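Under my numbering, the letters of the sequence shown match residues 7 to 663, in that order. For each residue, glycine too, the CB sits at the ideal point set by N, CA and C. Model, not experiment: these values are computed from the prediction. Have a look at the structure below, then the notes.
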Amino acid sequence: MYEQVSHALLNDILDAFSHRFRREDLRHFYTRLGANFYAIHSLFGHLYGHRQDFKEQTVRLTERLARAYIERPAALKALDMAREADHNWFLDQQWVGMALYADGFAGNLPGLIERLPYLQELGVNMVHVMPILRCPQGASDGGYAVSDFRDIDPRMGTVEDVRALGARMREHGMLLTLDVVVNHTSDEHEWACRARAGERAFQDFYYTFPNRDVPDMFEANLPEIFPETAPGNFTWNAEMQRWVMTVFNDYQWDLNYANPAVFIEMLDIILFWINQGADIIRLDAVAFLWKKIGTTSQNEHEAHLILQLMKDCCQVVAPGPLFIAEAIVSPSEIIKYFGEDAVIAKECEIAYNATFMALLWDAVATKNAKLLNQGIQSLPHKLDRATWLNYVRCHDDIGLGFDDADIRASDYDPYHHRRFLIDWFTGVYEGSPGRGRPFGVNPKTGDARISGALASLAGLEAALEDGDQQRIDQAVDLILTLHAMILSFGGIPLIWYGDELGTLNDDSFLEDVNKACDNRWVHRPRIDWQRAERRHQPGTVEQRIFDGLRQLIEVRKHTPAFADFNNRELIEVANPHLFVFLRTHPTLQGGSVVVAANFDANPQFLDLDVLNQRGLFRQGQIEDLITGESPALFNNRMVIPPFQFYWLTNQRARAQL
Ligand code: GLC
């Protein structure tokens, strides 16, 4: 958009640039800067326009963008142009992700490069490498307490290794996702050290207060994220003689985005990593970016302005890379991280679908899909050119963040239902095979979350202990069904490393003083590569899960109806144990797929009349995409075995694909 004030400033900036960057070819940069400058100027103005140095800061910001563009390698610039021309590329069904700790998976970054063929064997072509930036040896929160944003933890490798990893992945058509922890730094970061040493400019990078007045005002409304290990949201720093805001752990200092210098530095860091070859940046804890007294300081409007500004700035330098919003918040809030009042994503193109994840686990515990069906209906409609990251497990705990209204609509009492889920997954509930651990227990509020490996939560660990073959088989089926859901829902499926082999809880973290008090480490495995070899041995649990998943991935990639064009429709069926939805083919009538899963331990039937009424499967044989066979039918009722699913299509339509 054209607007005089911003354009006049842009003219001045471009004049200065034409001298300073005389020898550079900035044509594409200028076109994109022209397109986005009004938005950048007004967003920056909303956040910092009241400051006397606003104009100076805007010039600084624009200069950083120009420098990042100049530093961007030619190969990455070419990729940007290709992605600009094929802007829906990331909505395609071909993408399948895995998140992993480089050390747990392969020792370090060079090890990870060597293990890429294993990921390709499975069909994974997007890898989220968990945080690898330099962080303290002990207080690191699994890499989320960064002490140097431009260097790699020497135990993992070097920046050069990251570039090599990115280059190798690009050769194989794989995407690299890296974290930028935008909300906080380690207390050992240089900025924190200088703040402690008394430098006012760096104290302004954080929220620091001489007494409890302001902290107490905040505390009245702030929840606690780690109530057991880090109660409260402020930490007294004796050296500085000030309170510091530390919403997560006491060694993670929250950055103060009311200071434009913080915004510019953090943006520059994002640009640095996309210039090293990251295709996707995972922006950690984005809900927390703006703090306001009298609120929970989550999902504040300004947090969205910051993200929009980051996106607009990034697009000027490099329109190819995408952002993932890590905001584990309610459905009505999460949807805003794609951007409000927009058609296409204008904040983050991808967001964690924590709602779907938690609802899937609810179906596992209750053996029915009541809340799952209810909760999915409450998930607001998503923008075009924005997509979900669908997952069953990740490095974090499982939070039961369903809407109370949805729980009630499913005929449960919110408090008792959540209590039941915790008891179920931690094995306290009579007869439950869950082997999870309670995490983040808050006696003040009664809240708790759950840690644990997928296989241990889904009953495989207990079944193996008991040597109960039938339950082992059922657990394997359930693990595959859960993956089938994230692979067909619409969005990028993200597998947690180790789950492809049925990896169980690992208690070895208890021997490490730095990890012992954080039981999320129980599900952050060190892959046993000897055990992984068993994936080639027919009949082993590892082989059944790995091959099952491999096949699901392959079928997904050949099923255009699984691409994400907001082409999903929930199908209400009378049987509460079933979760059924339709994925429509973008162009081919009849190329649609019905996904039907049974979460019960008994076979359940799906009444095909419901589907026939919609014109589905009226003619031609029904076929399951995985087995290529027709499921058992009796009088227009289809039987779905316990804990299993079907991806149903019309045989005739399939022949045309
Ligand atoms: C994010 C990460 C989590 C971490 C927290 C604080 O939520 O996923 O692992 O503890 O941020 O950095």
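Note that the C-beta distance between Leu654 and Ile628 is below 8 Å.
Per the DSSP secondary-structure output, Leu328 pairs in a beta bridge with Ile286. The alpha-carbon of Arg425 is positioned some 19 Å away from that of Asp402. Rounded to the nearest angstrom, the Cβ distance from Leu377 to Ser338 is 17 Å, too far for a contact under 8 Å. For Met363, the three-state secondary structure derived from DSSP is helix. Around the beta carbon of Ile350, fewer than 16 other beta carbons sit within 10 angstroms, so the residue counts as exposed. Under the three-state reduction of DSSP output, Arg537 falls in the helix class.
Looking at the DSSP output, Arg643 sits in a beta bridge with Asp613 and Phe640. Taking C-beta atoms as the reference points, Ala459 and Leu510 count as a pair closer than 8 Å.
Between Phe651 and Ala607, the CB-CB gap reaches or exceeds 8 Å. The region 547-628 contains, as complete beta strand (DSSP E) runs of 3+ residues, the segments 574-576, 584-589, 599-604 and 610-613 (chain order). By the beta-carbon neighbour count (other beta carbons within 10 angstroms, threshold 16), Thr214 is buried.
In the DSSP assignment, the residues bridged to Val186 are Leu289. Within 10 angstroms of the beta-carbon of Cys320 lie 16 or more other beta-carbons, which makes it buried. Considered as a whole, the region 338-422 harbours 360-372, 376-383 and 410-415 as its complete alpha helix (DSSP H) runs of no fewer than 4 residues, in chain order.
Separation of Arg26 and Gln143 (C-alpha to C-alpha, rounded to the nearest whole angstrom) is 42 Å.
The three-state reading of DSSP puts Pro266 in helix, counting H, G and I together. Taking the C-beta atoms as reference points, Ala108 is found no nearer than 8 Å to Ile76.
With contacts defined as CB atoms closer than 8 Å, Lys342 and His387 fail to qualify as a contacting pair. Contact between Arg574 and Phe495 holds: CB atoms are separated by about 7 Å, below the 8 Å threshold. For Pro499, the secondary structure class from DSSP, reduced to helix, strand or coil, is strand. Under the DSSP assignment, Val65 falls in the alpha helix (DSSP H) whose first and last residues are Phe60 to Glu77. Under the 8 Å Cβ criterion, the region 479-488 does not count as touching the region 446-453, having fewer than three qualifying pairs. Asp479 is not bridged by DSSP to any residue.
In terms of CA proximity to Leu395, Ile492 leads the group Glu308, Gly283, Ile492 and Gly446. If you look at Ser457, you'll find it isn't in any alpha helix (DSSP H); it sits in the beta strand (DSSP E) that goes Asp453 to Ser457. A distance below 7 Å between beta-carbons, with the five flanking residues on each side excluded, links Glu9 to the following residues of its chain, in chain order: Tyr44.
With a cutoff of 7 Å, Glu230 does not count as near ligand 1, since its C-beta is closer than that to no heavy atom of the ligand.
With a 10 Å radius around the Cβ and a threshold of 16 neighbouring Cβ atoms, Glu120 comes out exposed.
In this structure, His401 has its beta carbon less than 7 Å from a heavy atom of ligand 1.
Relative to ligand 1, Gln258 has its C-beta within less than 7 Å of a heavy atom. The three-state secondary structure of Arg29, taken from DSSP, is coil.
For ligand 1, a non-hydrogen atom lies closer than 7 Å to the CB of Glu332.
Under the DSSP assignment, Val322 falls in the alpha helix (DSSP H) whose first and last residues are His307 to Val323. Residue environment: Phe640 is assigned as exposed (fewer than 16 neighbouring CB atoms within 10 Å of its CB, all protein chains considered).
In the DSSP assignment, Gln258 falls outside any alpha helix (DSSP H) and lies within the beta strand (DSSP E) extending over Gln258 to Asp260.
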